[in-house]
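First to last, the sequence lines map onto chains A and B.
Count along the first sequence from 1, then add 51; that gives the number in the working numbering.
Count along the second sequence from 1, then add 897; that gives the number in the working numbering.
Okay, so here's the structure we're looking at.
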Amino acid sequence: MKRVLIALGLLVIVAAAIGAAAWPRAEFIPASSPAAWAATPDNIARGAYLARAGDCMACHTARGGLPYAGGRGLATPFGTVYAPNITPDAQTGIGAWTADDFWHALHNGIARGGRLLYPAFPYPNMTKTTRADADALYAYLRSLAPVRQPNQPHALRFPYDRQIVLAGWRLLYFKPGVYAPQPARGADWNRGAYLVEGLGHCAACHSPRNGLGATGARLSGGQIPTSGWYAPALDADHEAGLGTWERAHIVQLLRTGVAPRGAVFGPMAEVVGQSLQYLTDADAGAMATYLTSLPGAAAPRPPAVPPADAVMKAGKQLYEHHCADCHGADGRGTRIAGQSAYPPLAGNGALTMADPVNAIRIVLNGGFPPATAGNPRPFGMPPYSPHLDNAEVAAVVTYVRNSWGNTAPSVTPPEVDRWRAVPLD
Amino acid sequence: MRLPVFRSALPCAALLAALLAALLPAAAAAQPERGVPDTLAQRVAACTSCHGSAANPPPTQGPRYYPRIAGKPAGYLYNQLQNFRNGRRQYPLMTYMVEHLSDDYLHEIAAYFSTQHLPAPVLARSGIPARELARGRELVLKGDAALKVPACVACHGQRLTGALPAIPGLVGLPRDYINAQLGAWRNGTRHAHAPDCMATIAGRLTLADVAAVSGWLASEPLPDDADPAPDVARPLPLACGSQPEARP
C-alpha cells in the first residue's frame, strides 16, 4: 500500500514536472535600452518597414477603415476573430501599452493585462522576431495618429471562446522563441528564414492546419480556412514550383506581382500589394534564397485518369475563343513592353495542383494582379462567371490542366458550381 | 523508299523532343511578345467584358444588368471604384477587381471610360403600363414636392446625361440595375460620401415609385451626344458629399 502511494506520488510529481517543462512560459527579453523604442525618425522608419514586412495593416484595418484601427473580421472554423485597434489611442488602442507590453504580445501571445491572444494573430510566427525589431515596431505604431475606435468582440463558438481552452491549445502548439540563426547557412539564408518564418508569417496560409487550427512545421501548402483558396506548397516543385525558378524571378514576383513564370492572384495579390512590394531587393532575395533551399517534397503524383476527349475538345474550343489571344495557343503567356503581362499556363503549378480550386476561381473571377511600383498598371483578366456555364468552365480548366505538358485530374461541373457561390471576400 | 527515311527520322525526333524537354524551364521563362497592343484598352479588358466596348458592345437582347460606364463623368467613375474598394458599395466581383489597384491607376481607368462612347440598348416602352410610365416621367422631370423628392433632372442634367465633375447620367442603364441601386440605398447597403443625398431620396420613394422611375429611365434613349452637362444649377436641391459645393 505504501509502495503504491509512493509510486503514485512520484507519478504525479513527474507528470507535474513534464507539464511545467512543456508549459510555454512567457519568455522575457529586455530592451537593449529605452533608446531602442524611442520615437526617433530612425526607429520609426525601421518599424514602418518591419510593419510592411509583417503585413500588420492587412488584418488590423477594416475595409474602408482607418489604417491600424482594427475591425477586420477573420473567419475561422471556430468563429470570427476581429483584429484589434493597434493605434496609440489610450482607451481603445494600445496607447497605454509599454514597449514590454508590446513585446509580450508579439513574443508570447499575451495581451497587456494577461489575456491570452488567439493565434489568428500569428504569434507562433511573430515570436521569432527579435526584441530590437519588436521595439522598432512599437516605436512606429506609437508614431501613428491615435484613432478612437472600440474593438469589436470576437464571435467565437463555445468552447473556443474560453481562455482555458486557449491555454490548452498553447500548451500543445505554442512555444515562444526568437529565431535562432544557423551560422552554417550564411547571412542571406538566415535573413530569409527570419522573414519567412517570422514576421512574414507565410505559414499562416502556406502550411496545412490541423483540426485545432495549428499550422504545421513545413510550408507544404494548405487550404485557407473558410475563404477556400488553396495556398500552394512552397517546398514542392509541382505546386508553387519555386525550386525550379530563377532567384531573380522569385524576387520579381514578390516585389511586382508578375514574373515570367506566373502572377499572384487571390489572397497573395493582397500580400504583394500591401506587404512584399515594399521589401528591399536584398530582403526579397533573402526570402527567395530560403524558399528555394527548402527540401523539395517531390510527392509522386497519382496517375491522372486522362480527361475525356469530348471535354478536351470543348475546352480547346473555349480556350481558343476566350483565352488564346492573351495566354497564347501555346500556353506560354505574353510579354508586353518587356514585362510579363499574361502569365504562362504551360508548366504553371497554380493550375495543376491536385485541388483545382484556384484554377476554377481564376477563370470564374478573373482579376488584376496588384498595382505595385514595379507594375503600376497591371493587365487584368475578365471574369468568366457571367459568360461561361459550369460545364464550360470545367472544360476549359480541364483543358489548361492537361495541355502543353500539364497533367492534372479533370474538373467537373459540380466542382465549378461549388465555387461559383462562394463569396470572394 | 519512304520507310528508311522514317526510320532515321524517328530517333532524331525523339532526341529533339528530349532536348526540348530539357530546355523547357528556360523556354518557359522567355515569354513571347505576340503583338498584343500595349494600350489601356487592353489592360482593362477585364472591365469591358461585362461593361462593353466598341469591339464588344452590350447585348441588345435578353436580360441585362451591367451598367453603362462609357461616357460617365470621370469623377463619378472614380468615386465608384473607390466605393467598391472601401466597402461603400457591395458587389463582391467589383471589389475583387479593384481591391489592389492604386488610386493613380483607378484615376486613369476612370478617365479612360469617361471618354468612351457606346450605344446603349433601350427598353421597349410598350411593356410598361401607361400610368406607371406617367408617374416615372413626372418624378424624373418634376419630382414630387409632397414627398420632398427633387426632379432627377435637377442634378443629373436636363438631358439626363449627368453633369461634371461627378454626377452620373441616368439614361442608357438597364432597369434592373437602376432598381438594384435605389433598393441598395433604401436598405443601407450602398453608400456615397456623406451627406449621402441619394440615400435620402431613395428613402422617400415607395417601391412603386422606384419601379416607375426605373421603367421610364431605362426606356428613354441615350442621346447620340451623351456628354455630361458642364454643370447644373446651384445650389443642388440636396447637399451631396460626392459633389461638394459651397452652400449658404
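From the three backbone atoms N, C-alpha and C, an ideal C-beta is built for every residue, glycine too.
Quick caveat: nothing in here was measured; it's all calculated off a predicted structure.
- In this structure, the CA atom of A/D212 is about 22 angstroms from the CA atom of A/I137.
- The continuous beta strand (DSSP E) containing A/A392 extends over residues 390-393.
- Shown here, A/R260 sits in a strand according to DSSP, grouped into three states.
- Residue burial annotation: B/A1091 is exposed, with fewer than 16 other C-beta atoms found within 10 angstroms of its C-beta.
- Bounds of the beta strand (DSSP E) holding A/V132 are 130-133.
- Its Cα nearest to that of B/N983, the residue A/L117 stands out among A/P135, A/D140, A/L117, A/G130.
- Residue burial annotation: B/P1125 is buried, with at least 16 other C-beta atoms found within 10 angstroms of its C-beta.
- Non-local C-beta neighbours of A/A134 in its own chain, meaning closer than 6 angstroms and more than five positions away in sequence, comprise C110, H111, G121, R123, ordered along the chain.
- Listed along chain A are R114, G115, G116, each with a C-beta nearer than 9 angstroms to that of B/N983.
- Judged by beta-carbon spacing, A/Y329 lies within the 8 angstroms limit of A/R103, meaning their Cβ atoms are closer than that value.
- Chain-order list of chain A residues neighbouring B/P929: G379, D381, R383, G384, T385, R386, by C-beta distance under 9 angstroms.
- The contact set of B/R940 on chain A, defined by CB atoms closer than 8 angstroms, consists of R428, P429, F430, G431 in chain order.
- Take A/L157, set aside five residues on each side of it, and the residues of its chain with a beta-carbon closer than 8 angstroms to its own are Y174, M177, T178, T180, A185, L188, in chain order.
- If you draw a straight line from the Cα of B/G1066 to the Cα of B/P964, it comes to about 11 angstroms.
- 8 angstroms or more divides the Cβ of B/L1057 from the Cβ of B/A1115.
- The Cβ neighbour count for A/S326, taken over all protein chains shown within 10 Å, is at least 16; the residue is labelled buried.
- For A/N426, the secondary structure class from DSSP, reduced to helix, strand or coil, is strand.
- Here the region 1046-1054 of chain B makes no contact with the region 1072-1083 of chain B; the two share fewer than three CB pairs at distances below 8 angstroms.
- Burial state of B/A927 is exposed, judged by a 10 Å Cβ sphere holding fewer than 16 other Cβ atoms.
- The way I'd put it, the region 368-383 of chain A does touch the region 392-409 of chain A; three or more beta-carbon pairs between them come closer than 8 angstroms.
- Per DSSP, B/I1098 lies in no beta strand (DSSP E) segment; the continuous alpha helix (DSSP H) that holds it begins and ends at 1094-1101.
- Here the alpha carbons of B/V933 and A/A310 stand approximately 18 angstroms from one another.
- Restricted to the region 366-406 of chain A, the alpha helix (DSSP H) segments that are unbroken, complete and at least 4 residues in length are 375-378, 400-403, listed in chain order.
- Of all residues in the region 412-426 of chain A, those with a C-beta nearer than 7 angstroms to a C-beta of chain B are N416, G417, G418, F419, P421, A422, reading in chain order.
- When the alpha-carbon of B/V1019 is set against those of B/A943, B/R961, B/D1001, the nearest one is in B/R961.
- A/G294 is outside the set of residues whose beta carbon lies under 8 angstroms from a beta carbon in chain B.
- Unbroken alpha helix (DSSP H) runs of no fewer than 4 residues, entirely contained in the region 281-307 of chain A, are found at 298-307, following chain order.
- Excluding residues up to 5 positions away in sequence, nothing lies with its Cβ nearer than 7 angstroms to the Cβ of A/K364 in the same chain.
- A/A126: member of the beta strand (DSSP E) spanning 124-127, first to last residue.
- With contacts defined as CB atoms closer than 8 angstroms, B/I1064 and B/Q1140 qualify as a contacting pair.
- Here the alpha carbon of A/L168 sits roughly 11 angstroms from the alpha carbon of A/H155.
- When Cβ pairs closer than 8 angstroms are counted between the two stretches, the region 282-292 of chain A is seen not to touch the region 223-239 of chain A, the count staying below three.
- Taking the Cα positions, B/Q979 is about 40 angstroms away from A/W240.
- Spanning the alpha carbons of A/G389 and B/E930 requires a straight line of approximately 8 angstroms.
- With at least 16 other beta carbons inside 10 angstroms of its own, A/E443 counts as buried.
- Look at A/P395: its C-beta is under 8 angstroms from a C-beta on chain B.
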